[in-house]
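Residue numbers (my numbering): 746 to 827.
Comments concern the structure below.
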């Protein structure tokens, strides 16, 4: 195997779905500024997600409109006929 192929900062990270407060922990090398305390009492880096498998319509079977940062307004202003 090749040496120095994998990143050196590969660690446990908590991912939190902000639309329904679902959190899960997995290994990642993503850079974060925030941390959170997990169920085991340890502190881990935190990544906030807008959508995950617990809130995505494909996996849940429910249509739910999640308008973050005015995406609909940006689309309408960009493609509005003048």
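Every residue, glycine too, gets a C-beta built ideally from N, C-alpha and C.
Computed from a predicted structure; not experimentally measured.
| Asked | Found |
| --- | --- |
| When you compare only the Cα positions, how much space is there between residue 754 and residue 825? | 45 Å |
| Identify, in the order they occur along the chain, each residue of the same chain with its Cβ nearer than 6 Å to the Cβ of residue 781, setting aside the five sequence neighbours on each side. | 759, 791 |
| DSSP three-state call for residue 824: helix, strand or coil? | helix |
| Of the residues 771, 822, 793, 772, which one's Cα is nearest the Cα of residue 779? | 793 |
| Less than 8 Å between the beta carbons of residue 762 and residue 796, yes or no? | yes |
| Residue 817 by DSSP, collapsed to three states: which one? | helix |
| State the Cα-Cα distance for the pair residue 818 and residue 788, rounded to the nearest angstrom. | 38 Å |
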